[in-house]
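Comments concern the structure below.
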Amino acid sequence: MLQLSLDPSPPISTRFFSELFIIEEEEMANRESSSIWSRKWGKKDYGTIAVAAFTILSFALLFTLDPSSSSSSSSSYSSSSTNNNKVNNPLVKLTLLPNAKLTGAVCLDGSSPGFHFQKGFGSGSDSWVLHIEGGGWCDSIESCSSRQLTALGSSEAMDHEVPFSGILSQVASQNPDFFNWNKVKIRYCDGASLSGNPESEFQNEAKLFFRGRLIWKAIIDEISTMGLANAKQDALLEDWQL
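Printed below as a string of structure tokens:
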């Protein structure tokens, strides 16, 4: 479930998001209607259809005899489309938290947590949107031990670059509300929706670290120094898959 929180209030600190208004986004399905027109065909109509069919067949034969034209056109379109996507939605690098291991703010496997940051511009340079990655919970030693070997439990398995699309896109036509805002994608790697606490951590031979609260605080502290503390508008997107 995707939740959107907006806060037009003055500058924020680590207490951030505690007073945000939650707006549930609902997806509306659009239905298309079509009309079917029919009539009886006369002899003149059949003649017209025959001429049209002959013309279409002639063009088809030309393309069959010169397949390079179609192939070249298709290849050119594919290449152009790929290049446009790269330009419009460039890959955003992963930033690992510095000193995470010293503060105890670590992923399930003990590696440093991270986030992806794209700087805002223009009228959105003082506005921020944060997206928390979803991924559900691990609910046993076995499932958490398996999870720590994946990107949902270790930064060592995370993609170092990811595309920002949809509500994180910097293309105005795709994302008219937030395209020029500062955008942060927080990677999820604690297995408990950023709610784990070392004080209640179960010590076991598997060496699992449930440090979600520390991760959340450390990331907010880090991006606050990058401008979040002076934000004029804030939006929090939660994408938990429970």
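Numbering (numbering that gives the first Met the number 0), first residue to last: 0 to 241. The C-beta atom is built at its ideal place from N, Cα and C for all residues, glycine as well.
Setting aside the 5 residues that flank it on each side, Met225 has no residue in the same chain whose C-beta is closer than 6 Å to its C-beta. Counting C-beta atoms within 10 angstroms of its own C-beta, Lys182 has 16 or more neighbours from the protein chains shown and is therefore classed as buried.
If the five residues before and after Arg146 are omitted, its C-beta is found closer than 8 Å to the C-beta atoms of Leu107, Cys137, Gly152 and Gly190, all from its own chain and listed in chain order.
In this model, Val128 and Pro112 are separated by some 19 Å (Cα to Cα). When DSSP states are grouped into helix, strand and coil, Leu236 belongs to the strand group. Nearest to Lys216 by alpha-carbon distance, out of Ser142, Ala99 and Ser164, is Ala99.
Here DSSP, grouped into helix, strand and coil, assigns Thr94 to strand.
The continuous alpha helix (DSSP H) containing Glu221 extends over residues Gly211 to Ser223. Of the residues Leu167, Asp220 and Gly195, the one whose Cα lies closest to the Cα of Gly119 is Leu167. At the C-beta level, Leu90 and Glu141 stay beyond 8 Å of one another. For Leu129, the uninterrupted beta strand (DSSP E) run begins and ends at Ser126 to Ile131, by DSSP. Distance from the Cα of Leu101 is smallest, within the candidate group Leu227, Arg210 and Asn229, for Arg210. When DSSP reads this structure, Pro162 sits in a beta bridge with Leu90. Taking C-alpha positions only, Leu227 is separated from Met157 by approximately 24 Å.
The stretch 139-190 is shown to contain whole alpha helix (DSSP H) runs of 4 or more residues at 140-146, in chain order. Sequence-distant partners of Arg212 (beyond 5 residues in either direction) whose C-beta falls short of 6 Å from its own C-beta, in its chain, are Asn196. Sequence-distant partners of Glu221 (beyond 5 residues in either direction) whose C-beta falls short of 7 Å from its own C-beta, in its chain, are Leu96.
For Ala228, no alpha helix (DSSP H) encloses it, and the DSSP letter there is neither H nor E. Under the three-state reduction of DSSP, Gly123 is assigned to helix. Taking a C-beta distance under 8 Å as the contact criterion, Phe114 and Arg186 qualify as a contact pair. Our two residues, Thr94 and Leu148, have alpha carbons roughly 19 Å apart in a direct line. Rounded to the nearest angstrom, the gap between the Cα atoms of Phe177 and Ser122 is 10 Å.
A check of alpha carbon separations from Lys231 across Asp125, Ala104 and Ser194 identifies Asp125 as the nearest. Residue nearest to Cys188 within the set Asn88, Gly109 and Asn87 is Gly109 (criterion: CA-CA distance).
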